[in-house]
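Numbering (our numbering), first residue to last: -16 to 246.
Okay, so here's the structure we're looking at.
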């Protein structure tokens, strides 16, 4: 998954201003099908070090800090829960004969892990230990799996993140968190589009050959080999993790033209 790295104030600002992936908090997991596993408490892991960003200011009262903590706990649970579910479902997709769908779910899990780590570090700044209760709905077919994934992503984009944004916007000096939550909501909407495309004809979609890559700084996911720089945060190609077939040339690079005369 992710590797530890130090993020500057500028990188965090970039990350907060662009779209990135999100998932569903445990607050609305009660509507899922019977879980495969009993609820598990999952601690934060592979946390990206963030040492130059302060989310607490003198303007925040104890009540503000409590409200911020509750939002961060829910968003961490959402992202980490999505990471665990996608990792589990990726294996199921492989077993159902949809390897590329599995690769996409592994990429999605990687992205969710990047985001979960950021929220985890903010919770640590508040003196809290990030913990998530994760439930994994049972799936009996690839179609069932995709329906469950779509249900989670749609609810995140249309219900969960809008509600968390309303709470955060009421707090003073919360610009960074507003940007992060707004970006998460936008990225969930992008994931919904991809999942809907897969669901329409997963066999045709599964036959494509493009790999996936995920920026380990901001969590941006692309359906291609890593670009020279992340279009969202500017991170170099080396900060991407790839999933699927062996890399081809990045989209932004073109092969040099060869002169017939050899010049």
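Just so you know, even glycine gets a beta-carbon here, dropped at the ideal spot from N, CA and C.
The structure presented is a predicted model; accordingly, all values stated were derived computationally and were not measured.
- Assign residue 74 to one of three DSSP states: helix, strand, or coil. helix
- Task: Determine the direct distance from the alpha carbon of residue 201 to that of residue 228, and round the result to whole angstroms.
- Result: 23 Å
- Item | Through-space distance from residue 219 to residue 211, alpha-carbon basis | 6 Å
- Return the first residue and the last residue of the beta strand (DSSP E) that residue 115 is part of. 114 to 117
- Pick from 159, 122, 170 that is closest to residue 136, judged by C-alpha positions: 170
- Message: I'd like to check one pair, residue 75 with residue 122: are the Cβ atoms closer than 7 Å?
- Response: yes
- Query: Pairing CB atoms from the segment 139 to 153 with CB atoms from the segment 85 to 105, are three or more of them under 8 Å?
  - Reply: no
- Those residues which DSSP pairs with residue 196 across a bridge: 205, 225
- Evaluate contact between the segment 75 to 94 and the segment 188 to 199, counting only Cβ atoms and requiring at least three cross-stretch pairs below 8 Å. yes
- Message: For residue 189, list the residues DSSP reports as bridge partners.
- Response: For residue 189, which the question treats as bridged, DSSP gives no partner whatsoever.
- Message: Mapping the DSSP letters down to three states, classify residue 120 as helix, strand or coil.
- Response: strand
- Message: Checking the sheet assignment: what are the DSSP bridge partners for residue 219?
- Response: 212
- Item | Where the alpha helix (DSSP H) through residue 155 begins and ends | Element bounds for residue 155: n/a, residue is neither H nor E.
- Nearest-angstrom Cβ-Cβ length linking residue 189 and residue 83, presumed shorter than 8 Å: 5 Å
- Starting from the C-beta of residue 192, find all residues in its chain whose C-beta is less than 7 Å away, skip the five residues before and the five after it, and write them out in chain order. 228
- Query: According to the neighbour-count rule (16 or more other Cβ atoms, all chains shown, within 10 Å of its Cβ), is residue 64 buried or exposed?
  - Reply: buried
- Starting from residue 135 and walking both ways along the alpha helix (DSSP H), at which residues does that stretch end? 125 to 138
- So, is residue 80 buried or exposed, given that buried needs 16 or more other C-beta atoms within 10 angstroms? exposed
- Just the Cα atoms here: how many angstroms apart are residue 45 and residue 217? 36 Å
- Message: Can you tell me whether residue 184 is buried or exposed? The criterion is at least 16 other CB atoms within 10 Å of its CB, across all chains shown.
- Response: exposed
- Have a look at residue 132 and residue 69 and give me their C-alpha separation to the nearest angstrom. 8 Å
- Task: Pull up the distance between the alpha-carbon of residue 108 and that of residue 187, whole angstroms please.
- Result: 46 Å
- residue 143 by DSSP, collapsed to three states: which one? helix
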